[in-house]
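Residue numbering for the sequence shown follows our numbering, starting at -10 and increasing by one per position.
Just so it is clear, CB atoms sit at the ideal spot from N, CA and C, and this is done for glycine as well.
Computed from a predicted structure; not experimentally measured.
Shown next, in structure tokens, is the structure this report addresses.
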Amino acid sequence: MYNALSDDAVAVSTPHMRNSGSSHGPANRRTSPLQKCKVLAHLTPEQLVHLEGHGRIRDYAAKSPIYLPHEPANEVFVLFDGLAKVSHLTKDGKESILAFIEPGDLFGERAVFHVGSREEYVEAIEPVRAILFPVEVLRRLVESRGDIALSLMQLMSDRRHRIENRLKNILFLSNRERLVHLLLELSEQFGVQHPDGIRLRIKLSHQELANLIGSTRETVTVLLGQLKAEGLVAGGRQRIIVKDESKLRAEIEAGS
């Protein structure tokens, strides 16, 4: 089974898996949503459709958990639609947002290399549809395909690098500098052109912005008010518009 990936990769079957069709039928000629996944970019469309048959689709409502800390890490996810966030929760319930998950992103990947339980909390920011694979499926794929293994390690390295940069900002930058850094980062990742500048298509509350920069909601509210008064940002109801990206970048460069 799964001979298309060589070495009989991903020859796994469980009662939870959804079969998407025979490896020789018309299903292999359809487009798989997994084509959005960069980690799996080396697989052919036929291989992606076959791999999809080893997963199960699940929908999550906005604000609902996708997985929690201490849960068994026995599945790996690929987001098809929606947006999610990865957070660390302290013992007293405080949240530190580590990353955002977009369509095409693979997450929960640590389970491929480490047997145990989850350490992070993943929550749907808006309605989410994802495909869940038993970790053994991805593990066998990684073992048989060096290019997939390299892509997965690159993903993990990039995410760790972003987290390290955010921690450095928390340690060495002021609250305003951290917020400006974040707004520029979000404009690159989630920005769309708008008559007034760059509009962030992600909805974030002041508390969530504070959780991203290691600050408080009150401080973020004051800082956003200052940036609005200076004509650098605009917007409301959790939608932010970066009005003058060049001035924000100049502010960061002046402080470095």
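Would DSSP call residue i helix, strand or coil?
i	result
A223	strand
I114	coil
R134	coil
L193	coil
L162	coil
G203	coil
S235	helix
S(-5)	Any reading at S(-5) needs caution, since the residue's pLDDT is 42, under 50, leaving its predicted position unreliable; the model's value is listed next. Correct three-state label for S(-5): coil.
T20	coil
R107	coil
Measure the C-alpha to C-alpha separation of residue i and residue j and round it to an integer number of angstroms.
i	j	result
L141	E219	42 Å
G10	E35	Residue placement at G10 cannot be trusted, given a pLDDT of 38 that sits under 50; the coordinates are not used to answer.
G225	H43	43 Å
I55	R118	10 Å
E91	D70	8 Å
A138	R188	36 Å
D177	S76	Looking at the sequence itself, residue 177 is Glu, so the reference to Asp does not match. So the two alpha carbons sit approximately 21 Å from each other.
R128	V28	13 Å
R167	R148	18 Å
H103	I191	31 Å
L68	Y49	11 Å
A16	V126	Low confidence applies to A16: its pLDDT is 44, below 50, so where it sits in the model is not reliable enough to give any reading.
E84	N200	6 Å
A73	L95	11 Å
I237	L198	Reading the sequence as shown, one finds Leu at residue 237 and not Ile. Roughly 17 Å between the two C-alpha positions.
K247	G203	Residue 247 falls outside the range modelled here, since the chain spans only -10 to 245, and no answer is possible.
Q143	V101	14 Å
V211	A243	22 Å
I159	E234	21 Å
G82	T33	43 Å
P123	S53	21 Å
A173	R155	The displayed chain sequence assigns Leu, not Ala, to residue 173. One C-alpha to the other measures close to 13 Å.
R228	L193	7 Å
For residue i, collect the residues of the same chain with a Cβ closer than 7 Å to its Cβ; drop the 5 residues on either side in sequence, then sort them by chain order.
i	result
E108	P58
K232	D185, G186, G220, L221, V222 and A223
G105	A62
E240	V169
L87	V75, S76, H77, E109 and I152
R47	A119 and L121
V65	L95, G97, E98, A100, V101, F122, V124 and L127
Whose C-beta lies closer than 6 Å to the C-beta of residue i among residues of the same chain, with five residues either side of it excluded?
i	result
G14	For G14, the predicted model reports a pLDDT of 44, less than 50, meaning its position is unreliable and no value from the coordinates is stated.
G93	K25 and C26
A(-2)	The predicted position of A(-2) is uncertain, since its pLDDT is 45 and thus under 50; a value taken from the coordinates is nonetheless stated next. Excluding residues within five positions, the ones whose Cβ falls inside 6 Å are Y(-9), R129, L130 and S133.
D136	H31
V111	I55, Y56, A73 and V75
A51	A113, E115 and P116
L40	none
L175	L189
Strictly by DSSP, which residues pair up with residue i?
i	result
Q74	According to the sequence as given, residue 74 is Lys; it is not Gln. In the DSSP output, where bridge partners are listed per residue, K74 has F89 and E112.
Q182	I187
R228	G225
F102	In the DSSP output, where bridge partners are listed per residue, F102 has none listed.
P284	Absent from the model: residue 284. The displayed extent of the chain is -10 to 245, so no value can be given.
L95	V67
E84	L78
Can you determine whether any heavy atom of the ligand ATP sits closer than 8 Å to the C-beta of residue i, and answer yes or no?
i	result
K74	With respect to the ligand ATP, the structure offers nothing, as it holds no ligand at all.
Can you give me the Cβ contacts of residue i inside the same chain, cut-off strictly under 8 Å, excluding the 5 residues immediately before and after it?
i	result
M145	E98 and R99
T208	N164 and A199
L162	H170 and G244
G180	I187, R188, L189, R190 and V231
K217	A223
Considering only residues of the segment 28 to 82, which uninterrupted alpha helix (DSSP H) runs meet the minimum length of 4 residues and lie entirely inside it, listed in chain order?
34 to 41
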